[in-house]
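The block underneath contains the structure these notes are about, expressed in structure tokens.
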Amino acid sequence: MLVDVRLTVRDNDDLLATKIPAQRLPEPLWSPETRFAVRLPLGRNAFDEIPDVGPRRELVNVRSVVMERPNRAVADVVGETRNRTVWFDRGRLTVLDKEQNAYASLEAPPTVDAMLDWVAEEYGIEVPLSDLLFSDVYSVLMEGVIRGEYLGFQKAAGASCHHLAFEQETIDWQIWIDAESRLPRKLAIAYKTEPGEPRYEVVITKWNLSPTFPEGLFDFEPPEGAEKIELARVLGEKEESR
Numbered sequence: 017m018l019v020d021v022r023l024t025v026r027d028n029d030d031l032l033a034t035k036i037p038a039q040r041l042p043e044p045l046w047s048p049e050t051r052f053a054v055r056l057p058l059g060r061n062a063f064d065e066i067p068d069v070g071p072r073r074e075l076v077n078v079r080s081v082v083m084e085r086p087n088r089a090v091a092d093v094v095g096e097t098r099n100r101t102v103w104f105d106r107g108r109l110t111v112l113d114k115e116q117n118a119y120a121s122l123e124a125p126p127t128v129d130a131m132l133d134w135v136a137e138e139y140g141i142e143v144p145l146s147d148l149l150f151s152d153v154y155s156v157l158m159e160g161v162i163r164g165e166y167l168g169f170q171k172a173a174g175a176s177c178h179h180l181a182f183e184q185e186t187i188d189w190q191i192w193i194d195a196e197s198r199l200p201r202k203l204a205i206a207y208k209t210e211p212g213e214p215r216y217e218v219v220i221t222k223w224n225l226s227p228t229f230p231e232g233l234f235d236f237e238p239p240e241g242a243e244k245i246e247l248a249r250v251l252g253e254k255e256e257s258r
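Residue numbers (our numbering): 17 to 258.
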């Protein structure tokens, strides 16, 4: 906590309880060479924390993502649970914890798609919004879907959006697709099998599909005094995907 994309409102009887007019995201997103940026202010990303003792709490982070397909990306998060920047450059993954002034840098698979799968498999981490970073977004999102519904038009991030809801075995999730730009503007997930059924929500306030990347954007330079440590220490003993 979104690009070669095939996510959309599309006509599919197997997945949607109500037929939807076939609509696709902009063609430029489908190119493997796509350069895109989701820059600050990206918007509000909130999730519930449900402690064993005490009230439910909503925690908020703000994220930005810049990507050059197929093998370069930078992501930044600041908020109540994270203060971190991640660089991925042609198979080199670097994670900087800005509060600890500590970083980890290691070899990873050569593409964004492969890196995201590798991080999930090796470290048990589902990167927030990672489903919207894969090269085939539609297939990734629809995997495991039992059924879905088209809920009509609603406002999200100030835009008129197609609102869709989907059910899977362990989660229910909703997505709002901008009716004009065909870009995702909001995503909400309810974790049905977790105690208290916590929710995760992100609102995407700004897309830039024609960014100009400054020189050195994808290059990591350690801050003064930064300590190089193992990735597990940067991430913590158990990294929460939200």
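Using N, Cα and C, we set each Cβ at its ideal position, and we do this for glycine too.
Local conformation of residue i per DSSP, three classes
i, result
"Ala206", "strand"
"Leu149", "coil"
"Ala124", "coil"
"Glu165", "strand"
"Val143", "coil"
"Asp235", "coil"
"Glu137", "helix"
"Glu243", "strand"
Per DSSP, cross-strand counterpart(s) of residue i
i, result
"Ser176", "Lys171"
"Pro200", "Ile193"
"Asn117", "Asn117 pairs with nothing; no bridge assigned."
"Ala181", "Glu165, Gln190"
Residue range of the unbroken alpha helix (DSSP H) whose run includes residue i
i, result
"Arg249", "247-251"
Buried or exposed by the 16-neighbour rule on C-beta atoms within 10 Å, applied to residue i
i, result
"Glu217", "buried"
"Asn87", "buried"
"Arg79", "buried"
"Ser146", "buried"
"Arg201", "buried"
Spatially closest choice to residue i from the options, by CA coordinates
i, options, result
"Leu225", "Leu75, Val76, Val81", "Val81"
"Leu203", "Leu157, Thr101, Glu246", "Leu157"
"Glu74", "Ala248, Pro227, Thr97", "Thr97"
"Asp105", "Val94, Ala118, Asp92, Arg85", "Arg85"
"Glu240", "Leu122, Phe182, Ala118, Trp103", "Ala118"
Limits of the beta strand (DSSP E) - the one that residue i falls within
i, result
"Phe104", "99-105"
"Lys95", "Just to set this straight, residue 95 is Gly in the shown sequence, not Lys. Looking at the DSSP string, the run of the beta strand (DSSP E) that includes Gly95 is 88-95."
"Leu112", "108-113"
"Glu217", "215-219"
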